[in-house]
Each structure stands twice: as structure tokens, then as C-alpha cells.
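Student: Numbering (our numbering), first residue to last: 66 to 441. Below is a structure I'd like to ask you about.
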Amino acid sequence: MTSKHKLGFIDSELENLKKQNLYRKLRYGVSEGSQITINKKKLLNLCSNDYLGIITTPIKISQLQSSSRLVSGNDESYKKLEGILAKHKSKENSIIYPTGYMANLGAVSTIAKKGDIILSDELNHASIIEACKLSGAKTIIYKHNNMFDLENKLKLKGKNKFVITEGIFSMDGDFSRIKEISELSEKQNTITIVDDAHGDFVVCNDGKGTPTYFNVEKKIDLYISSLSKGLGSFGGYIASKKNIIDLCINKSKSFIYTSALPSFLIQHSIKKFKSNREKQKRKLQKNTKQLMKGLKQIGFEINSTTHIIPLVIGNEKKSIEFGKFLMDNGVFVQPIRYPTVPKNQARLRISVTAWLSDKDIQRSLRIFEKSFRKFG
Ligand SMILES: Cc1ncc(COP(=O)(O)O)c(C=O)c1O
């Protein structure tokens with residue numbers, strides 16, 4: 066008698082991913098400035114989220130915390146950074162989570178509950194989708210940036226109502242229609258949450274982020290963000306009213322039941338925050354303009370208006386081949402496929418950084434031009 070191996074279903078699932086060109090495997094690279102070395106080959110890195118490329122002097126690695134924040138893993142550097150971040154977002158207080166992903170999970174599931182309604186943009190990041198599920202609230206997806214759909218769905222009744230959107234959409238590089246969203250929310254007495262992981266530190270004066278850029282920062286009830294992208298450090302945080310922060314400290318599981326980030330990372334964030342971010346931001350803006358103009362001249366269809374520039378290919382297999390072609394020619398851009406983006410909307414997601422020199426951009430454009438004939 067043959068019995069099926071109890072882990073056979075795992076192999077079937079992996080096989081299935083391979084058949085659909087959706088299988089992922091890890092690459093090992095060493096990053097240095099605008100370059101990344103993979104398999105001993107130096108490549109131009111066009112998929113780093115270290116947008117500002119801030120250089121700071123190294124921080125001495127202190128003893129690693131051995132506990133969660135509420136036990137013994139807390140020190141004054143946390144208090145200092147949380148004060149800085151609250152001011153940065155013009156909010157009463159802020160709290161740091163180990164990652165932006167955990168900030169979404171923890172904060173959304175703390176304030177939204179069964180009986181509530183969350184309206185969530187269809188292109189919101191996986192951490193927002195998971196956070197909504199975890200909350201137990203009824204999640205209603207509205208069409209991407211579609212205010213007509215949102216307005217209609219905002220009429221639905223729930224105990225408490227929330228709307229959640231990204232500030233800059235991570236895979237499309239477009240801004241959310243945050244002004245209209247906050248106005249509609251206000252009319253319907255809805256709590257407005259913005260995950261600005263890709264706009265924070267990068268957009269607006271002093272990198273205040275997307276809502277400030279659109280002049281609606283006062284209408285945002287809860288900010289969620291990452292310290293691992295624009296700031297180029299590590300961690301996540303939320304900023305809001307004191308009572309929301311207090312409730313998250315008391316009830317947010319991804320804050321309470323996990324070890325604190327080591328203090329040297331917090332000190333690193335403070336150092337990066339206090340650096341000359343404006344100079345780096347100007348460089349990023351210049352690089353974005355230059356690369357975007359060049360790509361459009363080559364013939365690529367670009368809908369983004371920010372430092373995230375997707376070249377949408379559609380077919381998954383073709384996107385892998387495109388990525389490989391670029392890599393063979395010295396440029397690293399990772400193909401992005403389902404479920405990160407919808408099926409048949411695979412893309413090469415270029416992220417511009419201030420690390421890139423004019424020469425780097427010209428070199429990459431020559432390679433993109435070569436690739437356009439094959440994949441454009
Ligand atoms: C919109 C958005 N939110 C949250 C996160 C998670 O942030 P972190 O990398 O700090 O976990 C990401 C990361 O890609 C993101 O794109």
C-alpha cells in the first residue's frame with residue numbers, strides 16, 4: 066500500500082508557483098552606495114528603498130536589548146526618537162515598532178474591531194491587508210484612488226468607520242488622492258489612516274510626507290510609516306493622538322509581544338533624521354526627473370510622478386526575462402509579480418535614490434534603451 070507523503074502538498078504548491086512563473090528565490094548581494102555586488106558582479110542598484118542615501122558616521126553597536134519595550138528593552142533614545150517623530154508628523158505622540166509591517170498590524174488591529182468598517186484602497190500594501198483581516202472589522206475594498214467608489218462605500222453603516230490608504234503607492238508610484246479622501250472622511254465622520262512608508266522623509270518640505278504635501282496633515286488621524294525606506298535606517302512607527310498611542314502601548318500585540326529594536330538602530334535613526342536630508346532630497350528629485358525624462362524619451366509608458374517608477378510588462382515570464390536582461394547588462398531591478406501586484410501586471414519597479422550619480426543614470430538609460438527594443 067502506498068501512502069502519500071504528509072508533506073507532499075508543499076512540493077505541489079512549490080511546483081505550482083514554478084509553473085505560473087511566480088516562484089521566488091533569494092539572491093545574495095552586498096550593497097555599497099549606488100552599486101550592488103551579486104555573484105561577484107557589480108551592478109547598478111535600481112531597486113533600493115534607501116531613497117535619500119544619507120551617509121552618517123557609524124554608531125557604536127551597544128549591548129543588544131534582551132527584552133520587549135514594556136519589560137526592560139527600553140531606553141532614553143526611544144523617548145528621544147519618538148518625540149522627534151511626533152513633532153515631524155505634528156502629532157501629540159508616536160511609538161516605534163520593530164518594522165513598518167508590524168506597525169500596520171499592531172495599530173490597525175488595536176483601534177478597529179468587529180462591528181467596525183474599514184475602507185481600504187485595492188492597491189494597499191500586504192501589511193495593510195493583513196492588518197485589516199487581523200482587526201476583525203469588515204473590510205471593504207474601494208477601487209484604486211476612485212473617489213466615486215469611496216464616497217458610495219462610505220455611506221455604509223458601521224460602529225466606527227475607518228479609511229486607510231498609502232500616501233505614495235509602493236508598486237505604482239502614484240500619490241493617493243489624499244485631499245479628497247480626507248474631505249470625504251470628514252463629512253462621514255470617518256477615521257483617516259495613512260501609511261506613508263514611501264513618502265515619509267522624501268516628500269514635501271523637511272520630508273514631512275504626503276499629507277503635508279497636499280496640505281491635509283491635520284485631517285489625518287493616524288500615520289503609519291517605516292524608518293527603513295526614505296530615512297535609510299530600520300524600524301516602523303505610528304504617530305497620532307496621545308490616547309491612540311497609549312492604547313497601542315497597552316494592547317498592540319506586535320508592540321508588546323516582541324523584542325525591542327536594539328538601541329543603536331534607534332540612535333542611527335536619530336542621526337539620520339538630524340542629517341542634511343534636504344540636500345539629499347534635492348538630489349533625489351533631480352535624479353528622478355532625469356531618469357523619468359530619459360525613460361519617456363526611450364518610449365516607455367510612465368504613469369508615476371514620484372521616485373518609484375514601474376515599467377509595467379504584464380506577463381510574469383517576460384518580466385523575469387526583462388530583469389535577467391538588465392542584470393546581464395549591469396543593472397539590477399527586481400521583477401515584481403503576483404501577489405505583490407495583480408496577476409498579469411508584472412513589472413520592473415525602479416526605485417530612484419540619491420545615491421545615483423549623473424553617470425550612473427546615463428549608463429542605466431543606455432541599457433534601458435537597449436532593452437526597450439526587446440521588451441518595451
Ligand atoms: C506601504 C508599505 N507599508 C509598510 C511597509 C513595511 O515596512 P517595513 O519594511 O518597515 O516593514 C512597506 C514595505 O515595503 C510598504 O511598502
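No residue lacks a Cβ here, since even glycine has one placed at the ideal position from N, Cα and C.
#1: Does the beta-carbon distance from G364 to P163 come in below 8 Å?
#2: Taking 6 Å as the limit between beta carbons, can you name the residues of its chain near S298, skipping five residues before and five after?
#3: Measuring CA to CA, which of I233, A202, N211, V268 is closest to K222?
#4: Can you tell me whether E157 is buried or exposed, with buried defined as 16 or more other CB within 10 angstroms of its CB?
#5: Please classify G180: is it buried, with 16 or more other beta-carbons within 10 angstroms of its beta-carbon, or exposed?
#6: Here's the rule: buried if 16 or more other CB atoms are within 10 angstroms of the residue's CB, otherwise exposed. What is Q491?
#7: Taking 7 Å as the line, does the beta carbon of T323 fall inside it for any heavy atom of ligand 1?
#8: Report buried or exposed for N210, applying the criterion of at least 16 other Cβ atoms within 10 angstroms of its Cβ.
#9: Mind the definition here: the segment 249-258 touches the segment 272-286 only if three or more C-beta pairs lie below 8 Å; say whether that holds.
#10: For the beta strand (DSSP E) that contains I289, what are its first and last residues?
#11: Beta strand (DSSP E) containing Q345: first to last residue?
#12: Do A151 and S142 have their CB atoms nearer than 8 Å?
#13: Can the beta-carbon of A419 be found less than 8 Å from the beta-carbon of G94?
#14: Taking 7 Å as the cut-off, is the C-beta of S137 nearer than that to any heavy atom in ligand 1?
#15: So what's V281 in DSSP terms, helix, strand or just coil?
#16: Counting pairs of beta carbons, one from the segment 307-327 and one from the segment 121-138, are three or more of them closer than 8 Å?
#17: In whole angstroms, what separates the C-alpha of K354 from that of E366?
#18: Is A411 near ligand 1 - that is, is its Cβ less than 7 Å away from at least one heavy atom of it?
#19: Quick check: does the Cβ of A262 come within less than 7 Å of any heavy atom belonging to ligand 1?
#20: Please name the residue in H70, F397, E343, K383 whose C-alpha comes closest to that of N104.
#21: Alpha carbon to alpha carbon, how far is L330 from S452? Give it in angstroms, no decimals.
#22: Could you give the DSSP three-state label for G180: helix, strand or coil?
#23: Report whether the distance from the Cβ of T102 to the nearest heavy atom of ligand 1 is below 7 Å.
#24: Suppose you measure from the CA of N270 to the CA of L312; what does that come to, to the nearest Å?
#25: What is the C-beta distance between I374 and G238, in whole angstroms, given that I count them as a contact (C-beta under 8 Å)?
#26: Go ahead and pull the three-state DSSP assignment for L108.
#27: Can you tell me whether S127 is buried or exposed, with buried defined as 16 or more other CB within 10 angstroms of its CB?
#28: Where does D207 sit, in a helix, a strand or coil, going by DSSP?
#29: Less than 7 Å separating the Cβ of H190 from some heavy atom of ligand 2?
#30: List the DSSP bridge partners of P375.
#31: Within a Cβ cutoff of 7 Å, which residues of the same chain sit near D425, ignoring the five residues on either side of it in sequence?
#32: Could you check if Y302 belongs to the surroundings of ligand 1, using beta carbon to heavy atom distance under 7 Å?
#33: Within a Cβ cutoff of 6 Å, which residues of the same chain sit near L188, ignoring the five residues on either side of it in sequence?
#34: Closer than 7 Å to a non-hydrogen atom of ligand 1 - does that hold for the CB of T164?
#35: Given a cut-off of 8 Å on the beta-carbon distance, is the pair K220 and V281 in contact?
#36: At a cut-off of 7 Å, would you count N169 as near ligand 1, judging by its Cβ distance to the nearest heavy atom?
Tutor: Taking the geometry as given:
#1: Numbered from 1 along the sequence shown, position 299 holds the residue referred to as residue 364. Numbered from 1 along the sequence shown, position 98 holds the residue referred to as residue 163. Cβ distance not < 8 Å, so G364 and P163 don't count as in contact.
#2: Numbered from 1 along the sequence shown, position 233 holds the residue referred to as residue 298. Cβ neighbours of S298 beyond the five flanking positions: L292, H333, S334, K337.
#3: The sequence position of residue 222 within the sequence shown is 157, counting from 1. Nearest option by C-alpha distance: A202.
#4: Residue numbering aside, residue 157 sits at position 92 when the sequence shown is read from its first letter. Label assigned to E157: exposed.
#5: Position 115 of the sequence shown, counted from the first residue, corresponds to residue 180. Exposed is the call here.
#6: Beyond the ends of the chain as shown, which are 66 and 441, falls residue 491; an answer cannot be given.
#7: In the sequence shown, counting from the first residue as 1, residue 323 sits at position 258. No, Cβ of T323 sits at least 7 Å from all heavy atoms of ligand 1.
#8: By one-based count along the sequence shown, residue 210 stands at place 145. Under this definition N210 is a buried residue.
#9: yes
#10: Reading the sequence shown from its first residue, position 224 is the one you call residue 289. Taken as a continuous stretch (DSSP letters only), the beta strand (DSSP E) holding I289 covers 287-291.
#11: For the purposes of this step, residue 345 is taken as residue 280 along the sequence shown, with counting starting at 1. Not the beta strand (DSSP E): Q345 falls in the alpha helix (DSSP H), residues 342-363.
#12: For the purposes of this step, residue 151 is taken as the residue at position 86 of the sequence shown. For the purposes of this step, residue 142 is taken as the residue at position 77 of the sequence shown. Contact: no.
#13: Taking the sequence shown and counting its residues from 1, one reaches residue 419 at position 354. Taking the sequence shown and counting its residues from 1, one reaches residue 94 at position 29. No, the Cβ-Cβ distance between A419 and G94 is not below 8 Å.
#14: Within the sequence shown, the letter at position 72 stands for residue 137. Answer for S137: no, Cβ out of range of ligand 1.
#15: Here residue 281 is taken as the residue at index 216 of the sequence shown, counted from 1. It is coil, neither helix nor strand.
#16: yes
#17: The residue given as residue 354 occupies position 289 in the sequence shown. The residue given as residue 366 occupies position 301 in the sequence shown. Roughly 15 Å between the two C-alpha positions.
#18: In the sequence shown, counting from the first residue as 1, residue 411 sits at position 346. The answer is no for A411.
#19: For the purposes of this step, residue 262 is taken as residue 197 along the sequence shown, with counting starting at 1. Under cutoff, so the answer is yes.
#20: Taking the sequence shown and counting its residues from 1, the one referred to as residue 104 is at position 39. It is F397.
#21: Given that the chain is displayed from residue 66 to residue 441, the structure contains no residue 452 and the question cannot be resolved.
#22: For the purposes of this step, residue 180 is taken as the residue at position 115 of the sequence shown. The answer is coil: DSSP assigns G180 none of H, G, I, E or B.
#23: Counted from its first residue, the sequence shown places residue 102 at position 37. The answer is no for T102.
#24: Position 205 of the sequence shown, counted from the start, is the residue given in the question as residue 270. Position 247 of the sequence shown, counted from the start, is the residue given in the question as residue 312. Distance between the alpha carbons of N270 and L312: 31 Å.
#25: Translated into the one-based positions of the sequence shown, residue 374 becomes position 309. Translated into the one-based positions of the sequence shown, residue 238 becomes position 173. Confirmed, Cβ separation roughly 6 Å.
#26: Residue numbering aside, residue 108 sits at position 43 when the sequence shown is read from its first letter. Strand.
#27: On the sequence shown, position 62 is the one that residue 127 refers to. So S127 counts as exposed.
#28: Here residue 207 refers to the residue found at position 142 of the sequence shown. With the sequence shown as reference, residue 207 is identified as Tyr, and Asp is not the correct amino acid for it. Looking at Y207 - three-state DSSP - the assignment turns out to be strand.
#29: As for ligand 2, it is missing from this structure, which binds only ligand 1.
#30: As a first step, residue 375 must be located in the sequence shown, where it is residue number 310. Its beta-bridge partners are R414.
#31: The residue you call residue 425 lines up with position 360 of the sequence shown. The residues are S99, L109.
#32: As a working note, residue 302 is residue 237 in the sequence shown. Y302 Cβ: outside cutoff for every heavy atom of ligand 1.
#33: Along the sequence shown, read from residue 1 onward, the residue named residue 188 stands at position 123. Closer than 6 Å at the Cβ level, and outside the excluded window around L188, lie H209, F234.
#34: The residue given as residue 164 occupies position 99 in the sequence shown. Yes.
#35: As a working mapping, residue 220 is identified with position 155 in the sequence shown. As a working mapping, residue 281 is identified with position 216 in the sequence shown. Their beta carbons are not under 8 Å apart, which means K220 does not touch V281 by this criterion.
#36: In the sequence shown, the residue the question calls residue 169 occupies position 104. Within the cutoff, so yes.
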